[in-house]
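Residue numbering for the sequence shown follows the numbering used here, beginning at 404 and increasing consecutively. By construction, the Cβ of each residue, glycine as well, lies at the ideal position given by its N, Cα and C atoms. Structure first, commentary second.
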Amino acid sequence: MPSLSPSSLPRSARGQITWVTAAILAALLGGGYLAWVWVPVYVVDFEARQVVRDFMNRAVKDRDDERLRTEMIRRLEMLATDQIVDERGAPATVPAVALEPGDLVWERDTSGPAPTLHVAFEYVRVVELPYLDRTVEKSFTVDFTQDISIPDWGPSR
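Listed below in structure tokens is the structure:
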């Protein structure tokens, strides 16, 4: 009887699902789910950091810190909203970045050779995980110190 060499054995049917294919598919589906849930949360954090940088740049020429703080808090609250269940069990809409004026550190230091502005705050996002019926709290910290001296570009022409 002739022996069968590996090259003469019939190939498996094409399109067969192997454990490698199943593992890759599971990894892609899991990664897609995580991206669907978490990317919007981190996009809002990125936008919040942009708002803070914008108001720090405005503070270079505008010395009215109280107005800048109030306007920045209002702008942060308008970035996005979260749907939560309040203490009565009713659905409610709250700002994703909710700050009280006392939660925001806004320190202008003009005593050094270069004036600086330090802005810091922390906020918590409640992230609902669809299909898992769970919620996760994620804490974000924004902490920036920036030079707010007016640049000297040399003599004007």
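Endpoints, alpha helix (DSSP H) assigned at residue i
| i | result |
| --- | --- |
| Glu-480 | 468–480 |
Close Cβ partners of residue i (< 8 Å) along its chain, the five nearest in sequence each way excluded
| i | result |
| --- | --- |
| Arg-456 | Phe-547 and Gln-549 |
| Ala-495 | Gln-486, Ile-487, Val-488 and Asp-489 |
| Thr-484 | Thr-496, Val-497, Pro-498 and Ala-499 |
Beta-carbon proximity list for residue i, same chain, < 6 Å, skipping 5 on both sides
| i | result |
| --- | --- |
| Asp-591 | Summary: the structure shown does not reach residue 591, with the chain confined to residues 404 through 560, and so no result is reported for it. |
Opposing strand residues paired with residue i [DSSP bridges]
| i | result |
| --- | --- |
| Leu-432 | Paired residues: none, contrary to the question. |
| Lys-541 | Arg-528 |
| Ile-487 | Ala-495 |
| Val-522 | Trp-509 and Phe-547 |
Limits of the unbroken beta strand (DSSP E) element including residue i
| i | result |
| --- | --- |
| Tyr-496 | Contrary to the premise, residue 496 reads as Thr rather than Tyr in this sequence. Per DSSP, Thr-496 belongs to the beta strand (DSSP E) from 494–498. |
| Gln-419 | From DSSP, Gln-419 is part of no beta strand (DSSP E); its letter is neither H nor E. |
Nonlocal neighbours in the same chain, by C-beta distance under 7 Å from residue i, ignoring five residues either side
| i | result |
| --- | --- |
| Pro-443 | none |
| Leu-412 | For Leu-412, the predicted structure reports a pLDDT of 48, less than 50, and the residue's modelled location is therefore unreliable. A value from the coordinates is still provided. For Leu-412, where only same-chain residues beyond five positions count, there are no Cβ hits under 7 Å. |
| Glu-531 | Thr-538 |
Contact check, residue i vs residue j, beta carbons under 8 Å
| i | j | result |
| --- | --- | --- |
| Tyr-526 | Val-500 | yes |
| Leu-502 | Val-447 | no |
| Phe-524 | Val-508 | yes |
| Val-522 | Met-459 | yes |
| Leu-471 | Ala-451 | no |
Cβ separation of residue i and residue j, assumed to be a contact under 8 Å, to the nearest whole Å
| i | j | result |
| --- | --- | --- |
| Val-497 | Met-475 | Actually they are not in contact, since the Cβ atoms of Val-497 and Met-475 sit about 18 Å apart, beyond 8 Å. |
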